[in-house]
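In my numbering, the protein residues as written are 63 to 473.
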């Protein structure tokens with residue numbers, strides 16, 4: 063018979079067994095503390111790196127230094143130069159974005175814009191000394207013709223002279239001329255300036271030596287119309303989650319009404335046609351008053367500007383002449399050149415947005431009429447006979463449907 067003896071564990075080994083859990087917990091806690099410290103240090107270093115990268119890309123202080131140097135040399139001026147260069151009430155430290163050759167700085171709802179390359183702005187594009195006022199104004203007129211494609215820009219030129227005449231002597235001196243020229247070649251400046259009477263366009267606060275300062279009301283009290291992306295768990299059940307976050311229908315109708323009115327104004331203003339080339343729920347905003355607001359990303363362009371961007375393309379088919387999916391022009395097959403005739407007017411694109419933003423829960427008393435109007439609107443194109451008349455009637459129909467409903471709700 064085999065006898066099994068009980069093996070006695072030495073005292074040290076016993077202590078090891080008893081103390082092992084406590085030791086393990088201590089090690090884990092110590093490592094955990096060091097892990098938190100290490101992670102905190104890593105996040106801090108990443109933040110410092112990101113801040114340095116962000117500020118170095120925009121170089122706000124360097125831009126101000128360039129502008130103020132030229133201002134102190136009496137080579138440029140502007141109605142905000144005193145605040146920027148003398149009292150130092152304005153600064154360009156908060157970089158908002160840097161794209162499309164444009165640096166943008168934000169302070170609350172104010173955006174400062176300046177062309178990307180200081181060497182381009184402050185050297186190559188300088189107005190030559192000795193240039194007469196008449197010669198400079200002709201240079202500006204040539205630029206307006208190139209950008210707008212309309213020969214009669216006298217009223218616009220007169221307004222520019224009035225706004226950039228800082229000392230109000232009725233003339234344009236060298237500093238005023240240089241400031242005007244630098245901001246005129248800035249992306250979006252001209253078109254936003256032309257539509258300054260619209261509440262949907264950022265408001266120009268002032269300029270100084272190539273820097274333009276804009277008031278974007280929606281930055282503080284507005285929001286984009288909608289974002290169609292749906293979070294993963296919810297996307298299993300629905301792809302229209304964004305609809306749950308939208309304002310009441312009558313408020314959305316007010317936004318769309320103001321957008322239709324803007325498109326009506328843009329269709330032809332002072333003999334020039336304008337288009338929105340990137341219209342979607344993220345590029346359109348609304349104020350707290352539910353007036354639509356467009357952004358730089360909405361791409362407000364004249365027909366001539368679209369034509370200029372497509373002028374180097376040799377087209378064989380209509381789809382060769384695409385600036386954006388929403389701004390496609392027709393092809394002149396005899397010359398193989400893209401024209402300035404937009405295939406789908408902006409109102410047709412706006413009606414596409416209405417389907418996602420407005421139509422799905424339209425009140426039943428107007429749903430049939432609104433759906434009919436939107437369907438007709440989506441089919442309009444450059445090939446529509448009597449396009450101008452059809453466009454005007456569609457605008458009138460949409461405004462009537464939306465406004466009548468809103469007005470009845472207010473009673």
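From the three backbone atoms N, C-alpha and C, an ideal C-beta is built for every residue, glycine too.
What you are looking at is a predicted structure, and each value in this text was computed from that prediction instead of being measured.
Residue of the options minimising C-alpha distance to residue i
i	options	result
residue 463	450, 432, 447, 449	432
residue 251	367, 429, 290	367
residue 460	357, 333, 322	322
residue 379	204, 393, 150	393
residue 275	326, 169, 310	169
residue 194	233, 224, 176	233
residue 145	158, 160, 230, 126	126
residue 372	390, 283, 439, 361	390
residue 411	377, 338, 385	338
residue 374	360, 359, 358, 397	397
residue 240	188, 231, 311	188
residue 414	438, 425, 313, 430	438
residue 175	264, 381, 376, 448	264
residue 427	447, 471, 307, 217	471
residue 469	330, 445, 453, 313	313
residue 229	446, 301, 139	139
Beta-carbon contacts of residue i that lie in its chain and below 8 Å, excluding the five residues immediately before and after
i	result
residue 286	343, 344, 345, 346, 347
residue 219	199, 202, 203, 206
residue 324	260, 262, 354, 356
residue 369	211, 391, 400, 401, 402
residue 311	420, 423, 424, 425
residue 208	366, 370
Residue i, enclosing beta strand (DSSP E) - first and last residue
i	result
residue 135	Unbroken run through residue 135: none, as it is neither H nor E.
residue 330	Taken as a continuous stretch (DSSP letters only), residue 330 belongs to no beta strand (DSSP E), as it is neither H nor E.
residue 174	172-177
residue 168	164-169
residue 384	384-386
residue 356	354-356
residue 256	Premise fails: residue 256 lies in the alpha helix (DSSP H), 251-256, not in any beta strand (DSSP E).
residue 265	265-270
residue 273	273-277
residue 390	389-394
Residues near residue i in its chain [Cβ-Cβ closer than 6 Å; skip 5 each side]
i	result
residue 133	143, 147, 271
residue 226	238, 242
residue 173	166, 276, 278
residue 290	304
residue 334	210, 212, 364
residue 222	none
residue 361	339, 340
residue 231	none
Pairwise C-alpha distance: residue j and residue i
i	j	result
residue 319	residue 156	35 Å
residue 180	residue 248	Because the pLDDT at residue 180 is just 45, under 50, the model does not fix this residue reliably, and the value given afterwards should be weighed accordingly. Near 13 Å, if we compare the C-alpha coordinates of residue 248 and residue 180.
residue 261	residue 253	14 Å
residue 182	residue 190	Only weak support exists for where residue 182 lies, its pLDDT of 43 falling under 50; the coordinates are left without a value.
residue 137	residue 273	14 Å
residue 235	residue 467	53 Å
residue 129	residue 100	43 Å
residue 122	residue 153	8 Å
residue 76	residue 295	Residue confidence for residue 76 is low, a pLDDT of 48 falling below 50, so the modelled location carries little weight; the figure read from the coordinates is stated next. If I take the Cα positions, the gap works out to 51 Å.
residue 309	residue 451	33 Å
residue 113	residue 151	Residue confidence is low: residue 113 scores 49 on pLDDT, short of 50, so the model does not pin down where it sits. Its coordinate-derived value is still stated next. Spanning the two alpha carbons is a distance of roughly 23 Å.
residue 458	residue 197	44 Å
residue 192	residue 385	40 Å
residue 440	residue 332	26 Å
residue 388	residue 377	18 Å
residue 383	residue 257	27 Å
residue 429	residue 315	12 Å
residue 224	residue 131	25 Å
residue 267	residue 282	16 Å
residue 162	residue 141	26 Å
residue 307	residue 449	37 Å
Cβ neighbours of residue i in the same chain (closer than 7 Å, five flanking residues each side left out)
i	result
residue 279	171, 349, 355
residue 120	157, 160, 165, 167
residue 245	251, 269, 272, 274
residue 359	340, 345
Inter-residue CB distance, residue i and residue j (contact presumed, cutoff 8 Å)
i	j	result
residue 443	residue 405	6 Å
residue 305	residue 422	7 Å
residue 435	residue 456	7 Å
residue 408	residue 328	7 Å
residue 352	residue 317	5 Å
Segment limits, alpha helix (DSSP H) that includes residue i
i	result
residue 431	426-441
residue 195	195-210
residue 413	408-419
residue 402	No alpha helix (DSSP H) holds residue 402; the beta strand (DSSP E) holding it covers 399-404.
residue 237	236-246
residue 55	Missing from the structure shown is residue 55; the chain here goes from 63 to 473 and no further.
residue 366	365-372
residue 219	216-226
residue 283	280-283
residue 308	No alpha helix (DSSP H) contains residue 308, which DSSP labels as neither H nor E.
Any non-hydrogen atom of the ligand PLP closer than 7 Å to residue i Cβ
i	result
residue 442	Annotation note on the ligand PLP: not contained in the displayed structure, which lists no ligands.
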